[in-house]
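**Q**
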Amino acid sequence: MRLLVTGGAGFIGANFTHSWANENPGDQITVVDSLTYAGSADTLAPLGEAVELVVGDITDAALVDELVAGADAVVHFAAETHVDNSLTGPSAFVQSNLVGTFTILEAVRRHGTRLHHISTDEVYGDLPLDAPDIRFTADTPYNPSSPYSATKAGSDMLVRAWVRSFRVAATLSNCSNNFGPYQHVEKFIPRQITNLLTGRRAKLYGAGANVRDWIHVEDHNAAVRAILAGGRIGQTYLIGADCERSNLAVLQTLLEIMGHDPDDFDHVADRAGHDLRYAIDSSALREELGWAPAHTDFPAALAATVDWYRANEAWWAPLKDAVEAGYTERGQ
Ligand code: NAD
Ligand code: DAU
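Just so you know, the sequence shown maps onto residues 9 to 340 in my numbering.
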């Protein structure tokens, strides 16, 4: 297998690349990543020559064409991913998420290459807090709230149109909130862990009642591998691990794991347009492809993630001050 991974120097793509390289040592793996603030060559360094890193942009049509020509399959993770950044600077989101996905689609169309497109549950908008029985399914209408989720929704629509109009051999997946090793310190869980490790206080947006549906990154990537192996072309698969928690509940579990008092945090300015609740019904994926999450003990998986950040300070420490300076400027 000759595999092209876009965004493979970022959080989920790098975890995917690590596990694919370990499980398939004979495969040729190429990562294309422009190494934005969110990507790091260091994350792939432990893999040595098992992976070729091409530093380049997915909106570069000539580069993408050349890389896709040499691949049997493309797994497309590359994107601008942080909702807060999309509120202050949406332009990069339009470029990478929409133009970038268009560029990938045109290349896989020309070369007849299999594509798996990675997307998010945020394309469905949010759910009310007081209706626990309602969850997202593949039939839920798209209703994105933020510039980030709007560009991801647009990218999904492009993929669907290229499947229907040009018979591109693509599958799609929409996953809930990931956590685990190598997640950028701007995101909720690593931000709080590294705040506490650096003597800062944890920061909760608003009252912390917003609910996210957490999944360990290894479980997300196991589902992606199952879809690549057995997914139906044109199908959208929802990936989630039945782990809904309010932000306050996640933070209090974390504070306990790290030996802090339950009220050892600050309430900070809420996110504009803050989505209330995400929840995934992943029964279709489980029934069709036999996938199930392995990391179902959330406190244990969170504790292991804390251990990873403790042990890998050299990976995240150079990023921390600049990220916190940006949050301070926004009152968060
Ligand atoms: P991330 O921000 O950690 O990594 C994104 C990577 O893409 C970075 O390495 C960055 O350098 C690269 N990139 C960005 N724009 C690029 C461009 N124009 N050309 C080449 N490379 C570019 O993101 P992540 O959290 O690993 O998310 C990966 C994918 O998974 C995204 O498509 C995201 O929408 C999706 N997703 C994320 C989550 C989550 O909880 N993090 C959940 C569901 C879906
Ligand atoms: O649902 C999938 C999505 O999950 C992905 O598509 C996105 O790429 C990913 O960033 C994530 O989006 P969220 O906006 O849900 O994740 P974030 O880590 O930014 O925030 C999680 C929740 O925590 C959210 O309700 C905002 C809140 N929050 C966040 C930060 C950074 C805080 O309360 N305090 C914080 O410091």
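Positions of the beta carbon are idealized from the N, C-alpha and C atoms, including for glycine.
(1) Find the nearest neighbour of R240 within the set Y286, I20, R175, judged by alpha-carbon distance.
(2) My parser needs the alpha helix (DSSP H) runs of 4 or more residues fully inside the segment 80 to 133; what are they?
(3) Could you tell me the distance, in whole angstroms, from the CA atom of G334 to the CA atom of A115?
(4) How would you label I142, buried or exposed, when you count the other beta carbons within 10 angstroms and need 16 or more for buried?
(5) In angstroms with no decimal places, state the Cα-to-Cα distance between H26 and L52.
(6) State buried or exposed for R285, treating a residue as buried only when at least 16 other CB atoms are found within 10 Å of its CB.
(7) Going by C-alpha to C-alpha distance, which of N229, Y245, T304 sits closest to E252?
(8) I20: beta carbon under 6 angstroms from a heavy atom of the ligand NAD?
(9) I'd like the span of the alpha helix (DSSP H) that includes W299, first residue to last.
(10) Out of curiosity, what's the CA-to-CA distance linking S153 and A29?
(11) By how many angstroms is the C-alpha of W222 removed from the C-alpha of Y190?
(12) DSSP state of Q36, grouped into three classes?
(13) Which stretch, first to last residue, makes up the beta strand (DSSP E) that contains A178?
(14) Could you give the first and the last residue of the continuous alpha helix (DSSP H) run that contains R233?
(15) Kindly identify the DSSP beta-bridge partner or partners of N186.
(16) What first and last residue would you give for the alpha helix (DSSP H) that runs through K195?
(17) Report the CB separation of N23 from E226 in whole angstroms; it is logged as a contact under 8 angstroms.
(18) Which first and last residues belong to the alpha helix (DSSP H) in which E31 is found?
(19) Report all residues from its chain with a CB closer than 8 angstroms to the CB of D111; omit the five preceding and five following residues, and keep chain order.
(20) State the Cα-Cα distance for the pair L204 and A210, rounded to the nearest angstrom.
(21) Helix, strand or coil: how does DSSP classify S254 here?
**A** Taking the structure as given:
(1) The residue you call residue 240 lines up with position 232 of the sequence shown. If we check each option's Cα against that of R240, R175 comes out closest.
(2) Fully enclosed alpha helix (DSSP H) runs of no fewer than 4 residues occupy 91 to 96, 108 to 119 of the segment 80 to 133, in order along the chain.
(3) One-based indexing of the sequence shown puts residue 334 at position 326. One-based indexing of the sequence shown puts residue 115 at position 107. Looking at the two C-alpha atoms, the distance is approximately 37 angstroms.
(4) Translated into positions along the sequence shown, residue 142 becomes position 134. When all chains shown are included, I142 counts as exposed.
(5) The residue given as residue 26 occupies position 18 in the sequence shown. The residue given as residue 52 occupies position 44 in the sequence shown. Cα to Cα, the separation comes out at about 8 angstroms.
(6) Here residue 285 corresponds to residue number 277 of the sequence shown, with the count starting at 1. By the Cβ neighbour-count rule, R285 is buried, with 16 or more other Cβ atoms within 10 Å of its own.
(7) Stepping through the sequence shown from its first residue, residue 252 is reached at position 244. The residue with the shortest Cα to Cα distance from E252 is T304.
(8) By one-based count along the sequence shown, residue 20 stands at place 12. Because some heavy atom of the ligand NAD lies under 6 angstroms away, the Cβ of I20 counts as near it: yes.
(9) In the sequence shown, counting from the first residue as 1, residue 299 sits at position 291. From DSSP, W299 is part of no alpha helix (DSSP H); its letter is neither H nor E.
(10) For the purposes of this step, residue 153 is identified with residue 145 of the sequence shown, where counting begins at 1. For the purposes of this step, residue 29 is identified with residue 21 of the sequence shown, where counting begins at 1. Rounded to the nearest angstrom, the two C-alpha atoms are 36 angstroms apart.
(11) Within the sequence shown, numbered from 1, the residue matching residue 190 stands at position 182. Within the sequence shown, numbered from 1, the residue matching residue 222 stands at position 214. Distance between the alpha carbons of Y190 and W222 is about 16 angstroms.
(12) The residue you call residue 36 lines up with position 28 of the sequence shown. Q36: strand per DSSP, three-state reduction.
(13) Reading the sequence shown from its first residue, position 170 is the one you call residue 178. Its beta strand (DSSP E) spans residues 178 to 183.
(14) Translated into positions along the sequence shown, residue 233 becomes position 225. Per DSSP, the unbroken alpha helix (DSSP H) holding R233 starts and ends at 225 to 238.
(15) Position 178 of the sequence shown, counted from the start, is the residue given in the question as residue 186. Answer is I223, bridged to N186.
(16) The residue labelled residue 195 in the question sits at position 187 within the sequence shown. Counting along the chain, K195 falls outside any alpha helix (DSSP H), and DSSP gives it neither H nor E.
(17) Locating residue 23 in the sequence shown gives position 15, where the first residue counts as 1. Locating residue 226 in the sequence shown gives position 218, where the first residue counts as 1. N23 to E226, Cβ: 7 angstroms. Contact.
(18) Position 23 of the sequence shown, counting from 1, holds the residue named residue 31. Taken as a continuous stretch (DSSP letters only), the alpha helix (DSSP H) holding E31 covers 19 to 31.
(19) For the purposes of this step, residue 111 is identified with residue 103 of the sequence shown, where counting begins at 1. Position check: residue 111 holds Thr in this sequence, whereas Asp was assumed. Closer than 8 angstroms at the Cβ level, and outside the excluded window around T111, lie I66, T67, D68, A69, V72.
(20) Mapped onto the sequence shown, residue 204 falls at position 196. Mapped onto the sequence shown, residue 210 falls at position 202. Roughly 7 angstroms between the two C-alpha positions.
(21) Start at 1 with the first residue of the sequence shown, and residue 254 comes out as number 246. Strand.
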